[in-house]
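S.K.: Before anything else, here's the structure in question.
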Amino acid sequence: MSEEKVRRHPITALVKNESGVLARVSGLFSRRGFNIDSLAVGETADPSYSRMSIVVKGNKRELDQVVKQLEKLIDVIEVVDLSRQSHIERELALIKVRATAEDRSEIVELADIFQAEVVDVTKDSLTLEATGDVRKVAALENMLKEFGIEQMARTGQVVLGRASGEGEERI
Amino acid sequence: MTRENDKDEGKKDGENGKGDISDGFEGEELKTMTLETNAEAKEEKGKEKRREITGAAALIESLEREGVQVAFGVIGGAIMPVYDELGNSHKIRHITTAHEQGAIHAADGYARVKGEPGVCMATSGPGAANLVTGIATAYMDSAPLMIFTGQVPTDLIGRDSFQEVDIRGMSDPVTKHNYLVRRSRDLPRVVREGFHLARTGRPGPILVDLPKDVQTGSFIPDEEDQEEDLEGYRPRQELDLGAIEELAEAIERAEKPLIIAGGGVISAGAGGELADLVQDKGIPIAFSLMGLGAFPVNHPLSVGMLGMHGTGAANKAVTEADLVIAVGTRLDDRMTGDVKRFAPNAEIAHIDIDPSELGKIIEPDIPIAGDARATLQELKRIAAGRPRPETSGWIDQVKDWKGRYSRGSSSRSPDKLTQQEVVAELSRFAGEDTIITTGVGQHQMWAALEYDFTRPRTLITSGGLGTMGYGFPAALGAKVAAPDRPVICVTGDGSFQMNVQELVTAVRENLDVTVVLMRNGYLGMVRQWQELFFDNRTVETEIGTGMPSMAKVTEAYGGLGLRVEKKEDLSPALRKAASYRDGPSLIECVVAAEENVFPMVPAGRSNEEFVTGEKDV
Chain A
1 MSEEKVRRHP ITALVKNESG VLARVSGLFS RRGFNIDSLA VGETADPSYS RMSIVVKGNK
61 RELDQVVKQL EKLIDVIEVV DLSRQSHIER ELALIKVRAT AEDRSEIVEL ADIFQAEVVD
121 VTKDSLTLEA TGDVRKVAAL ENMLKEFGIE QMARTGQVVL GRASGEGEER I
Chain B
1 MTRENDKDEG KKDGENGKGD ISDGFEGEEL KTMTLETNAE AKEEKGKEKR REITGAAALI
61 ESLEREGVQV AFGVIGGAIM PVYDELGNSH KIRHITTAHE QGAIHAADGY ARVKGEPGVC
121 MATSGPGAAN LVTGIATAYM DSAPLMIFTG QVPTDLIGRD SFQEVDIRGM SDPVTKHNYL
181 VRRSRDLPRV VREGFHLART GRPGPILVDL PKDVQTGSFI PDEEDQEEDL EGYRPRQELD
241 LGAIEELAEA IERAEKPLII AGGGVISAGA GGELADLVQD KGIPIAFSLM GLGAFPVNHP
301 LSVGMLGMHG TGAANKAVTE ADLVIAVGTR LDDRMTGDVK RFAPNAEIAH IDIDPSELGK
361 IIEPDIPIAG DARATLQELK RIAAGRPRPE TSGWIDQVKD WKGRYSRGSS SRSPDKLTQQ
421 EVVAELSRFA GEDTIITTGV GQHQMWAALE YDFTRPRTLI TSGGLGTMGY GFPAALGAKV
481 AAPDRPVICV TGDGSFQMNV QELVTAVREN LDVTVVLMRN GYLGMVRQWQ ELFFDNRTVE
541 TEIGTGMPSM AKVTEAYGGL GLRVEKKEDL SPALRKAASY RDGPSLIECV VAAEENVFPM
601 VPAGRSNEEF VTGEKDV
């Protein structure tokens, strides 16, 4: 049954910018056993609100529960599952890759292709800053693996409905 | 995410409060200088309004404004300023319990009888932590509570200070909402919001944590302090007319409809509407444990409680039904059995005020988010013009099941007093307005099966969490809520001992509740499972050894203690206890030790696979 199909759902939630809200949301996810891929938070244009970008995996019923349970939290103003509408997803990754003198130029070329920036150089490493959707960051990571990735930090997806989308996001 | 300056802001209040105050005074002076002083009374009023008050005083004022008459609690260091102010209140009666768990269950019992938020107070640290079981109990059964806890001063928070626990964090999973108040001037707003949240939508417990400096810090109240800020709270108001129409159609064509009434019917005050639906359309009705009392369980169309220890008739009916109308119930695992085989032949309509309940466990064919009362009223209006479904054959079938499967279970101890007999006798003895509270276990199930609950809010029991020890303190709260009605706590010896200390509260407050205690010397329900599913290895369930006479314990506290061993002594004991008005009375019924509760749907099996005796398990 298609209802049982597990899909990846980017969700955006407008929440009050108050202490404890992140704990309330992450606590809800863990105690209800919701499968969460990433969670990113930041202030909106109005500093009294924050926007959470949450990527959840689940079937239709599980997603329905995630949205309804989130909406029950008093500090959550609005929740939109963006998977069924046009939206933008971006992630920022910082990747420290091993770079010997002879590999350096090849890595820089790769970075160019992915429109990644070199943000730090040492004599045996390069740190790249890459932005993109999940696939792009994964592809770059894949390409860099052969040189040896020393460290990596990722923000998780931030998501937003497109202006043409049917979402009713307020801020 | 978190506001880094939160802490500073909190501090600001204590110290900065003073800044606010002088600002306020300056303002007032200015005002009086420019104002014509012709209306002295008016000026007096203005001054009154701008009077500087402490957080603690603001809290008590707010509670009085909300109409609070009773609070249950235990004082302690971090909540002393609040109690100091409470001492000045002529409107609020405070009842001190022996243990915080007793206080919160009492507030919960009070709330369930009154239908209004129960108020509970405790100090920080262990005081607050002792509330947690009671908060969870109320949360699971959607009982409205306002809980106020003391907290260490804001500048000591997060430093593992003496008697510090993060009760806001700890209570997060078991409250509808909670607050850590960081500024005294936020208190009036928080209390208003809290009561609003507790009362509206799906009721539930609200916790307000009060650092000591927030209680002592003073401020000059103004209108802005009152304004609610609940943008993210939108309890369901509008009716889902399309879905209600769909349900009306489903009822019209149904041949074997069944209503399942849950606690939501009682919270919504929808008993009358429910009775109309049952009678106008000729639909049999089953109950969740929490739903008992929503409609008379002894009515010809009632099949009694459904689920693991539900009646044979109810479990048969849900299996055969072609339409199930579930109202105000979570359809939890104790009711549904194997969810894949729950109501296998039925179209399922589910009405609940909490949209997240629709599809959480059972995917309904007709989901209806809304208040039970408003929804049933609308259903009645829509369905009025439609023909009544042809259910006479179905009703005959249901009656046949009711005759075939007795409500309670038969005894295998013919020569001994049994819990079933005690409850049945109590049901004959008690009037319709009697309030029954219970502990958790076999006695609770027998109370649910054998007692004729006919009115809402007459069964006060821990359904969702199954909290042993709930019954006695809840009975005290119930008695405070309804001083003119008889309150009887049916409990086991295991459950009673979990909060036996509250006998002192009953004696001190002169609360004449009657405890009917089933002394079988076992944690009986667990022993039953050991017998049925663990080859009768009764590990650690025997508790009779060393247990004192509970009648004598009651006497020692200053109540009336009676002991009954034979069936013929029961009725006189009930009469004697009922006529005793000087505090608590307890009837210690020495009952057969190894009785089992049947019918029973073994865990994970489908409802139709209920068994009626040990040999069938």
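Protein sequences appear in the order of chains A and B.
Residues 1 to 171 in my numbering are what the first sequence spells out, letter by letter.
Residues 1 to 617 in my numbering are what the second sequence spells out, letter by letter.
Think of the CB as a built atom: it goes at the ideal place given N, C-alpha and C, for glycine as much as any other residue.
1) Between D569/B and R575/B, what straight-line distance do the alpha-carbon atoms span, to the nearest angstrom?
2) Could you work out which residues of chain A lie near L197/B, taking near to mean beta carbons separated by less than 9 Å?
3) Strictly by DSSP, which residues pair up with I74/A?
4) Roughly how far, in whole angstroms, is the beta-carbon of H9/A from the beta-carbon of G42/A, given that I think they are within contact range, below 8 Å?
5) In chain B, which residues lie less than 9 Å from K16/A when you measure between Cβ atoms?
6) Helix, strand or coil: which one does DSSP assign to Q279/B?
7) Out of D222/B, P483/B and M146/B, which one is the CA nearest neighbour of T200/B?
8) What's the gap between the Cα of Q442/B and the Cα of G337/B?
9) Find the residues of chain B that neighbour K68/A, judging by a C-beta separation of less than 7 Å, and give them in chain order.
10) According to DSSP, which residues form a beta bridge with T127/A?
11) Measure the Cβ-Cβ separation of T434/B and R485/B and say whether it is below 8 Å.
12) State yes or no: is the C-beta of S125/A within less than 8 Å of the C-beta of R84/A?
13) Below 8 Å between beta carbons: does that hold for R455/B and E425/B?
14) Tell me whether N607/B is buried or exposed, calling it buried when 16 or more other Cβ atoms sit within 10 Å of its Cβ.
15) Would DSSP call V591/B helix, strand or coil?
16) Going by alpha carbons, who is nearest to L517/B out of G263/B, G466/B and V440/B?
17) CB-CB under 8 Å to L376/B, same chain, minus the five flanking residues each way: which ones, in chain order?
18) Whose CA, out of E363/B, V297/B and S62/B, lies closest to the CA of E4/A?
19) Give the straight-line distance between the Cα atoms of L210/B and V324/B, rounded to the nearest whole angstrom.
20) Could you tell me which of D396/B, P389/B and R236/B sits nearest to P257/B, measuring between CA atoms?
21) Do three or more CB pairs link the stretch 534-553 of chain B to the stretch 507-525 of chain B at distances below 8 Å?
22) Note down the Cα distance separating L239/B from A314/B, rounded to an integer number of angstroms.
23) On the DSSP bridge assignment, give the partners of M308/B in chain order.
24) Please report the residue range of the alpha helix (DSSP H) in which G385/B lies.
25) Does the stretch 453-468 of chain B come close enough to the stretch 293-307 of chain B that 3 or more CB-CB pairs lie under 8 Å?
26) Between A143/B and the rest of its own chain, which residues show a CB-CB distance below 6 Å, the 5 nearest in sequence each way excluded?
27) What would DSSP say about T97/B, mapped onto helix, strand or coil?
28) Run through the stretch 322-370 of chain B for me and flag every whole beta strand (DSSP E) of 3 or more residues, listed as ranges in chain order.
29) So the candidates are R341/B, K399/B and V181/B; which of them puts its Cα closest to the Cα of G282/B?
30) Quick one: which residues of the stretch 166-177 of chain B get their C-beta closer than 9 Å to a C-beta of chain A? List them in chain order.
31) At a Cβ cut of 9 Å, what residues of the stretch 11-45 of chain A count as close to chain B, listed as they run along the chain?
32) Under 8 Å between C-beta atoms, does R84/A make it to chain B?
33) What separation, rounded to the nearest whole angstrom, lies between the Cα atoms of E26/B and R183/B?
34) For S171/B, is the classification buried or exposed, using 16 other Cβ atoms within 10 angstroms of its Cβ as the cut-off for buried?
35) Listed from N- to C-terminal order along the chain, which residues in the stretch 252-272 of chain B have their beta-carbon within a distance smaller than 9 Å of any beta-carbon of chain A?
36) At least one CB of chain B closer than 8 Å to the CB of I54/A: is that the case?
M.R.: Working from what's here:
1) 10 Å
2) I74
3) Its beta-bridge partners do not exist; DSSP assigns none.
4) 20 Å between Cβ atoms; not a contact.
5) D229, E231 and G232
6) helix
7) M146/B
8) 19 Å
9) P355 and S356
10) K96/A and D120/A
11) yes
12) no
13) no
14) buried
15) coil
16) V440/B
17) A270, E273, L274, D276, L277, V327 and I351
18) E363/B
19) 46 Å
20) P389/B
21) yes
22) 30 Å
23) Beta-bridge pairing links M308/B to no other residue.
24) Counting along the chain, G385/B falls outside any alpha helix (DSSP H), and DSSP gives it neither H nor E.
25) yes
26) D108, A111 and R112
27) coil
28) 323-327, 347-352 and 366-369
29) K399/B
30) R168, G169, D172, P173, K176 and H177
31) L14, V15, K16, N17, E18, S19, G20, V21, L22, A23, R24, G27, L28, R31, V41, G42 and E43
32) no
33) Unreliable placement is indicated for E26/B, whose pLDDT of 39 sits below 50; the coordinate value is still reported in the next sentence. Answer to the nearest angstrom: the Cα atoms are 22 Å apart.
34) buried
35) none
36) no
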